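K.L.:
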Amino acid sequence: MSLENTRRPVWLTFDCYGTLIQWDEGLLAAVGDILRTKPGNEVEPAKLLEIYDRHEHALEQTGPHRSFRRVAGDGLRLALEELGLRSDEGDAGVLTSRISAMPPFPEVVGTLRQLKERGYRLCIVSNTDDDIIAGNVAQLGGQIDRVITAQQAGAYKPARRLFDYAHEQLGVTKDDVVHICASPHLDHAAARDMGFRCVWIDRGTGRGVLPNYTPDATLATLDRVPALFAELGW
519 MSLENTRRPV WLTFDCYGTL IQWDEGLLAA VGDILRTKPG NEVEPAKLLE
569 IYDRHEHALE QTGPHRSFRR VAGDGLRLAL EELGLRSDEG DAGVLTSRIS
619 AMPPFPEVVG TLRQLKERGY RLCIVSNTDD DIIAGNVAQL GGQIDRVITA
669 QQAGAYKPAR RLFDYAHEQL GVTKDDVVHI CASPHLDHAA ARDMGFRCVW
719 IDRGTGRGVL PNYTPDATLA TLDRVPALFA ELGW
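Heads up, the sequence shown is in our numbering, so the first residue is 519 and it goes up one at a time.
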């Protein structure tokens, strides 16, 4: 699908972590700090993060639904145990508190302001808990109109239930929305299955698109979105 000859959206929905907020950078620093509390280990933070991601995503798709705080804690514990490291009670708290404090990418606040000035309404749709994401939203300059989380919907991406819930809460159909995201695995599957328009922010992390899905547009950074929309006559 192309964005050409489609109508201007009422709402722009955004993935948060990796799209608006510096997820990879912040998470790598957090697990590095956790590893420094484990005497004698030689595990690289990137290795722990790779294993943590695998456990986190698996737990999110395993019922019953649990809070992200619980999922993150369990995923970190399982990853440390897999590496033969002791899991301490405070590790999960370090991780989730650092997530909440992660800052936006440099261009994000200004871009969100431009989009608001052009009349778009802005909503975050995120795999997290309300209290965790509150710290991140507070850094976005008051531009966000709605925040919809996995905690509210009782479901995690890539399940479409989170997006169905978001569209119900916003009172829109898929044709009233353009979704903007940096996470192919989590967001593109729902875009493919539900048919909503999707702009991929490819920040060069090495994450590739799904083999059976092509986003409607691909941009390197968020600040290219206003120009794209202007070219479309929006």
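We put the beta carbon where it would ideally sit given N, CA and C, even for glycine.
In this text the structure is predicted, and so the values were computed from the model without any measurement.
1) Mind the definition here: the segment 619-635 touches the segment 731-747 only if three or more C-beta pairs lie below 8 Å; say whether that holds.
2) Is it the case that the Cβ atoms of Gln669 and Asp648 are separated by a distance below 8 Å?
3) Taking C-alpha atoms, which residue in Thr736, Met712, Val690 and Leu750 lies nearest to Trp529?
4) Measure how close the beta-carbons of Phe681 and Val643 come, nearest whole angstrom, since I'm counting them as under 8 Å.
5) Compare the C-alpha of Arg572 against each of Glu607, Gly536, Ile539 and His703 and name the closest.
6) Throw me the rounded Cβ distance for the Leu567 and Val549 pair, which I believe falls under 8 Å.
7) Return yes when the C-beta of Leu603 is under 7 Å from any heavy atom of the ligand ZN, and no when it is not.
8) For Gly726, which residues from the same chain have a beta carbon less than 7 Å from its beta carbon, with the 5 sequence-adjacent residues on both sides left out?
9) When you compare each of Ala619, Gly591, Met620 and Ala564 to Ala610 by their alpha carbons, which one comes out closest?
10) Could you work out which residue in Leu603, Leu577 and Gln540 is closest to Arg554 when comparing CA atoms only?
11) Quick check on the burial criterion: 16 or more other C-beta atoms within 10 angstroms. Buried or exposed for Pro527?
12) Can you tell me which of the three DSSP states Ile755 falls into?
13) Kindly indicate which residue of Asn523, Thr524, Arg587 and Thr531 has the alpha-carbon position closest to the one of Ile719.
14) Suppose you measure from the CA of Arg721 to the CA of Leu613; what does that come to, to the nearest Å?
15) With distances taken from CA atoms, which of Asp705, Asp711 and Glu562 is nearest Val717?
16) Between Arg584 and the rest of its own chain, which residues show a CB-CB distance below 6 Å, the 5 nearest in sequence each way excluded?
17) Please return the same chain residues whose Cβ sits closer than 8 Å to the Cβ of Arg616, not counting the five positions on each side in sequence.
18) I need the straight-line Cα distance from Ala564 to Gly751, nearest angstrom please.
19) Report buried or exposed for Pro622, applying the criterion of at least 16 other Cβ atoms within 10 angstroms of its Cβ.
P.N.:
From the atom records:
1) The answer is yes - the segment 731-747 touches the segment 619-635, with three or more Cβ pairs under 8 Å.
2) Here the question's residue 669 lines up with position 151 in the sequence shown. Here the question's residue 648 lines up with position 130 in the sequence shown. A contact, by the Cβ cut-off of 8 Å.
3) Here residue 529 refers to the residue found at position 11 when the sequence shown is read from its first residue. When each option's Cα is compared against that of Trp529, the closest is Val690.
4) Position 163 of the sequence shown, counted from the first residue, corresponds to residue 681. Position 125 of the sequence shown, counted from the first residue, corresponds to residue 643. Their Cβ separation, rounded to whole angstroms, is 7 Å, which keeps Phe681 and Val643 in contact under 8 Å.
5) Your numbering for residue 572 matches position 54 in the sequence shown. The residue with the shortest Cα to Cα distance from Arg572 is His703.
6) Here residue 567 is taken as the residue at index 49 of the sequence shown, counted from 1. Here residue 549 is taken as the residue at index 31 of the sequence shown, counted from 1. Confirmed, Cβ separation roughly 5 Å.
7) Looking at this structure, you won't find the ligand ZN or any other ligand, since it has none at all.
8) Residue mapping note: residue 726 aligns to position 208 of the sequence shown, counting from 1. Cβ neighbours of Gly726 beyond the five flanking positions: Pro702.
9) Here residue 610 is taken as the residue at index 92 of the sequence shown, counted from 1. Comparing Cα-Cα distances from Ala610 to each of Ala619, Gly591, Met620 and Ala564, the minimum goes to Gly591.
10) Taking the first residue of the sequence shown as 1, we reach residue 554 at position 36. The shortest C-alpha separation from Arg554 is found at Leu603.
11) Position 9 of the sequence shown holds residue 527. So Pro527 counts as buried.
12) This structure cannot settle anything about residue 755, because the visible part of the chain is limited to 519 through 752.
13) In the sequence shown, residue 719 corresponds to position 201, counting from 1. Residue Thr531 holds the alpha-carbon nearest to the alpha-carbon of Ile719 among Asn523, Thr524, Arg587 and Thr531.
14) Position 203 of the sequence shown, counted from the start, is the residue given in the question as residue 721. Position 95 of the sequence shown, counted from the start, is the residue given in the question as residue 613. Whole-angstrom Cα-Cα distance: 23 Å.
15) Residue 717 sits at position 199 when you count from the first residue of the sequence shown. Of the candidates Asp705, Asp711 and Glu562, Asp705 places its Cα closest to the Cα of Val717.
16) Reading the sequence shown from its first residue, position 66 is the one you call residue 584. Answer for Arg584: no residue qualifies.
17) Sequence index remark: in the sequence shown, residue 616 carries index 98 (1-based). Contacts found: Gly544, Leu545, Ala547, Ala548 and Asp551.
18) Locating residue 564 in the sequence shown gives position 46, where the first residue counts as 1. Locating residue 751 in the sequence shown gives position 233, where the first residue counts as 1. When rounded, the distance between both Cα atoms is 43 Å.
19) Start at 1 with the first residue of the sequence shown, and residue 622 comes out as number 104. When all chains shown are included, Pro622 counts as buried.
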